[in-house]
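Participant:
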């Protein structure tokens, strides 16, 4: 992938930087793409965030794990070893039980350094993650000692056994036709019902994310798009941008 002029490699990650259009960054928003995507695919979305949040630096982060090229020839990256299966979720969940999800620690350190470079704090920080990127931003935000201003989890999920150290404002954006995280649940009987009850503990379906957040007494806003599949649109990005603008204003008391 050809690196654009706004490309940076620092503090353990590669990323594209979209500076605050106002000339001075009063806030920072870090964006994480989904599994198999890259920063180039998210360039148009990052630019929309930059336009809608002119006082924010936008960091369009690239996943650290390279994947085989996509069918269209584009490069694919991701954040952690995950294939979308129940077994894969089980493995990731075990890591959470033992407090070991390496990319979260790495991202946590990156956030601290990027905030320090701008003289900003958690009150000035928004996180925006799509799909697998949404899983990572939720884990990272909830794992931080001080709550960030706002988190947008787009077409994503909260993994089981998530430990909560802080409770930021959260927006869940989900398409009602999302084929990954919003599948209709069957109602099994007999032995299948027992196995299904176990599988639900590791489910990444949207309704289980809602239950996990409620169980942890975490306030969140849910925005459902009736015709949205597992995809990102201009309208869904706008929804996330407006949420972060309000969350940042609330935190700063203005």
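Numbering (the working numbering), first residue to last: 1 to 254.
Backbone N, C-alpha and C define an ideal beta-carbon position, used for all residues, glycine too.
Please read all numbers here as calculations on a predicted model, not as lab measurements.
How many Å lie between residue 16 and residue 178 at the Cα?
Facilitator: Taking the chain shown and counting its residues from 1, the one referred to as residue 16 is at position 16. Taking the chain shown and counting its residues from 1, the one referred to as residue 178 is at position 178. Roughly 28 Å between the two C-alpha positions.
Participant: Helix, strand or coil: how does DSSP classify residue 53 here?
Facilitator: Taking the chain shown and counting its residues from 1, one reaches residue 53 at position 53. Coil at residue 53, not helix or strand.
Participant: CB-CB under 7 Å to residue 35, same chain, minus the five flanking residues each way: which ones, in chain order?
Facilitator: One-based indexing of the chain shown puts residue 35 at position 35. So the qualifying residues of the chain are 78, 82, 131 and 132.
Participant: Helix or strand or just coil, what does DSSP make of residue 166?
Facilitator: Locating residue 166 in the chain shown gives position 166, counting from the first residue. Here residue 166 sits in coil by DSSP.
Participant: In angstroms, rounded to a whole number, what distance separates the CA positions of residue 5 and residue 214?
Facilitator: Taking the first residue of the chain shown as position 1, residue 5 is located at position 5. Taking the first residue of the chain shown as position 1, residue 214 is located at position 214. Between residue 5 and residue 214, the C-alpha separation is close to 43 Å.
Participant: I'd like to check one pair, residue 154 with residue 129: are the Cβ atoms closer than 9 Å?
Facilitator: Counted from its first residue, the chain shown places residue 129 at position 129. Counted from its first residue, the chain shown places residue 154 at position 154. Contact flag set, yes.
Participant: Helix, strand or coil: which one does DSSP assign to residue 209?
Facilitator: Here residue 209 refers to the residue found at position 209 when the chain shown is read from its first residue. Note: residue 209 maps to helix in three-state DSSP.
Participant: Are three or more beta carbon pairs between the region 46-60 and the region 136-153 nearer than 8 Å?
Facilitator: no
Participant: Per DSSP, residue 13 forms a beta bridge with which residues?
Facilitator: Here residue 13 is taken as the residue at index 13 of the chain shown, counted from 1. According to DSSP, residue pairing for residue 13 in a beta bridge involves 10.
Participant: Only counting the same chain, and skipping five residues up and downstream in sequence, which positions put a Cβ closer than 7 Å to that of residue 121?
Facilitator: Within the chain shown, the letter at position 121 stands for residue 121. Counting only Cβ-Cβ distances below 7 Å, and skipping sequence neighbours, we find 115.
Participant: Provide the residue(s) that pair with residue 223 in DSSP beta bridges, ordered along the chain.
Facilitator: One-based indexing of the chain shown puts residue 223 at position 223. In the DSSP output, where bridge partners are listed per residue, residue 223 has 173.
Participant: Report buried or exposed for residue 19, applying the criterion of at least 16 other Cβ atoms within 10 angstroms of its Cβ.
Facilitator: As a position in the chain shown, residue 19 is number 19, starting the count at 1. So residue 19 ends up on the exposed side.
Participant: Between which residues of its own chain and residue 230 is the CB-CB distance below 8 Å, once the five residues before and five after are set aside?
Facilitator: By 1-based counting over the chain shown, the position of residue 230 is 230. The residues are 131, 155, 175, 178, 179, 180 and 181.
Participant: For the beta strand (DSSP E) containing residue 143, name the first residue and the last one.
Facilitator: Indexing the chain shown from 1 puts residue 143 at position 143. Not the beta strand (DSSP E): residue 143 falls in the alpha helix (DSSP H), residues 132-143.
Participant: Based on the DSSP output, what are the partners of residue 27 in its beta bridges?
Facilitator: As a first step, residue 27 is located in the chain shown; it is residue number 27 there, counting from the start. Looking at the DSSP assignment, residue 27 forms a beta bridge with 56.
Participant: In whole angstroms, give me the CA-to-CA distance for residue 142 and residue 238.
Facilitator: Here the question's residue 142 lines up with position 142 in the chain shown. Here the question's residue 238 lines up with position 238 in the chain shown. So the two alpha carbons sit approximately 24 Å from each other.
Participant: Counting along the chain, where does the beta strand (DSSP E) carrying residue 153 start and finish?
Facilitator: Here residue 153 is taken as the residue at index 153 of the chain shown, counted from 1. First-last of the beta strand (DSSP E) with residue 153: 150-154.
Participant: Determine the direct distance from the alpha carbon of residue 233 to that of residue 227, and round the result to whole angstroms.
Facilitator: As a working mapping, residue 227 is identified with position 227 in the chain shown. As a working mapping, residue 233 is identified with position 233 in the chain shown. Going from the Cα of residue 227 to the Cα of residue 233 covers about 11 Å.
Participant: What distance in whole Å lies between the Cβ atoms of residue 148 and residue 32, which are believed to be in contact at a cut-off of 8 Å?
Facilitator: Indexing the chain shown from 1 puts residue 32 at position 32. Indexing the chain shown from 1 puts residue 148 at position 148. That belief does not hold up - the Cβ atoms of residue 32 and residue 148 are roughly 13 Å apart, past 8 Å.
Participant: Can you grab the Cα-Cα spacing for the pair residue 76 / residue 166, in whole Å?
Facilitator: Here residue 76 is taken as the residue at index 76 of the chain shown, counted from 1. Here residue 166 is taken as the residue at index 166 of the chain shown, counted from 1. Looking at the two C-alpha atoms, the distance is approximately 32 Å.
Participant: Using CA coordinates, which residue listed in 241, 107, 171 and 248 is at the minimum distance from residue 219?
Facilitator: Here residue 219 is taken as the residue at index 219 of the chain shown, counted from 1. Cα-wise, what sits closest to residue 219 is 171.
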